[in-house]
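Have a look at the structure below, then the notes.
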Amino acid sequence: MAIVCNPDWLHATWSFYRYVPSVAAAVIFCLLFLVATGLHLFQMFKTKTWFLTALVFGCLFKFVGYAARAASASQEPGCWKLMPYIIQNMYILLGPPLFAASIYMILGRIILLTDGEIHSIIKQRWLTKTFVIGDLLCFLFQSGGGGLMAGSRDNQSMTNIGNGIIIAGLVLQLLWFIFFVIVAATFHRRMILVPTASSLKPGIRWQNYLHTLYFVSALIMIRSLYRVVEYAQGNSGYLMTSEVFLYVLDSLPMFIVVVWLLWKHPGEIGMLLKGQEPFTSGFQLYNYRKDSKSARYWVDEANLQSSNDH
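Structure (structure tokens):
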């Protein structure tokens, strides 16, 4: 495992870090994402929402990334080992595109739940494929660029190419999310103006689901914008001079995303699509018991109420 010692690391042309990384901060976020991984894994199996697999892997990536960062931060400044640095850099960077993949899939299920395909500017059967393929390209750009930078650290030309590829992937991710929000907001507006019968059923909180998408999408866009500027400035840029930027503009927003989705768990949508009694908070899943009789009662009551309203 390569060790690079440079007593003048702070002023070097290229350095792993431009500060002494905090072991405590890395350990805290490592543990937070470990807990989040376990809770999301439990919720996914509890509700059989397999489309959230990417979200679980995103949490796992973050956990591995911060574990590697803690290992890297514990080393003597200026004598950091290459492999822990590469792992922490890559896995922390690549977690959010996996979050995005699951978030994209939620919109398609909201459209299906409300019978609202007529209000979507992209057909429901193509919507998930379109955004997930775009997200996959973002992931490949970022992972490919990161791999190129890791393998050519002593070759400035190749490092610059890898950095450019990462920037391209981050910009694409940012633009793709903006497009996603436009598609979701257009659907939202049209559904309010001309609601479908399904959207009016009691218990189908489709607007709440969309508000969740807007919130987590905004956090990921903030993080993506930060990363674009960070990589555009380069290794000696201002955003690389303090560890605070990483934790305030990436770590914390991404942890809020996973906690928010633990609370506003998309499994409720899946249960509604199956005709099962929904829950109002993801945290209810830890005491949740399926009751098919109760589920049938809820569905019948919802349909009766919908008929009375019309």
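Numbered per full-length UniProt numbering, the sequence shown spans residues 1 to 310.
Even for Gly, the Cβ is constructed at its ideal location relative to N, Cα and C.
From a predicted model like this one, the values you see are computed outputs, not experimental measurements.
- Query: Looking at residue 229 and residue 239, is the spacing between their C-beta atoms short of 8 Å?
  - Reply: Here residue 239 is taken as the residue at index 239 of the sequence shown, counted from 1. Here residue 229 is taken as the residue at index 229 of the sequence shown, counted from 1. The Cβ-Cβ distance between residue 239 and residue 229 falls below 8 Å.
- Item | Inter-stretch contact (C-beta, 8 Å, three-pair minimum) for the region 97-105 and the region 49-63 | Output reads yes: the region 49-63 touches the region 97-105.
- Task: Grab the span of the alpha helix (DSSP H) containing residue 19 for me, first residue to last.
- Result: As a first step, residue 19 is located in the sequence shown; it is residue number 19 there, counting from the start. Residue 19 -> no alpha helix (DSSP H), and no H or E assigned at all.
- Where residue 167 and residue 201 are concerned, what is the direct C-alpha to C-alpha distance, given to the nearest angstrom? By one-based count along the sequence shown, residue 167 stands at place 167. By one-based count along the sequence shown, residue 201 stands at place 201. Distance between the alpha carbons of residue 167 and residue 201 is about 44 Å.
- Query: Would you report the Cα separation of residue 150 and residue 72, rounded to the nearest angstrom?
  - Reply: The residue you call residue 150 lines up with position 150 of the sequence shown. The residue you call residue 72 lines up with position 72 of the sequence shown. If you take the alpha carbons of residue 150 and residue 72, they lie about 15 Å apart.
- Message: Nearest by alpha-carbon distance to residue 98: which of 26, 169, 61 and 244 is it?
- Response: Translated into positions along the sequence shown, residue 98 becomes position 98. Residue 61 is the option with its Cα nearest to residue 98.
- Message: For residue 289 and residue 43, I'd like the C-alpha separation in whole angstroms.
- Response: Translated into positions along the sequence shown, residue 289 becomes position 289. Translated into positions along the sequence shown, residue 43 becomes position 43. Any reading at residue 289 needs caution, since the residue's pLDDT is 49, under 50, leaving its predicted position unreliable; the model's value is listed next. Roughly 13 Å separates the two Cα atoms.
- Boundaries of the alpha helix (DSSP H) in which residue 218 is found, first to last residue: In the sequence shown, residue 218 corresponds to position 218, counting from 1. Start and end: 206-233.
- Which residue's Cα is closest to the Cα of residue 212: 234, 24, 15 and 262? Locating residue 212 in the sequence shown gives position 212, counting from the first residue. With distances taken between CA atoms, residue 212 lies nearest to 262 out of 234, 24, 15 and 262.
- Query: Any idea what DSSP makes of residue 92, helix, strand or coil?
  - Reply: On the sequence shown, residue 92 is found 92 positions in, with the first residue counted as 1. Of the three classes helix, strand and coil, the one that applies to residue 92 here is helix, per DSSP.
- Query: If residue 162 sits next to residue 141, beta carbons under 8 Å apart, how far is it from one beta carbon to the other, in whole angstroms?
  - Reply: Position 162 of the sequence shown, counted from the first residue, corresponds to residue 162. Position 141 of the sequence shown, counted from the first residue, corresponds to residue 141. Contact between residue 162 and residue 141 does not hold, since their C-beta atoms are separated by about 10 Å, which reaches or exceeds 8 Å.
- Given residue 29 as reference, the closest of 268, 241, 185 and 253 once Cα atoms are compared: Numbered from its first residue, the sequence shown carries residue 29 at position 29. That would be 253, whose Cα lies nearest to the Cα of residue 29.
- Message: So, with DSSP's three-state summary, where would you put residue 194?
- Response: Along the sequence shown, one-based indexing puts residue 194 at 194. Residue 194 falls in the coil class under three-state DSSP.
- Secondary structure of residue 134, DSSP reduced to three states: Position 134 of the sequence shown, counting from 1, holds the residue named residue 134. If DSSP states are grouped into helix, strand and coil, residue 134 belongs with the helices.
- Message: Rounded to the nearest angstrom, what separates residue 6 and residue 82 at their Cα positions?
- Response: Translated into positions along the sequence shown, residue 6 becomes position 6. Translated into positions along the sequence shown, residue 82 becomes position 82. CA-CA distance, residue 6 to residue 82, rounds to 13 Å.
- Cβ-based burial, residue 214 [other Cβ within 10 Å; buried from 16]: Along the sequence shown, one-based indexing puts residue 214 at 214. Flag for residue 214 reads exposed.
- State the start and end residues of the unbroken alpha helix (DSSP H) segment that holds residue 253. Position 253 of the sequence shown, counted from the first residue, corresponds to residue 253. 252-263 is the extent of the alpha helix (DSSP H) around residue 253.
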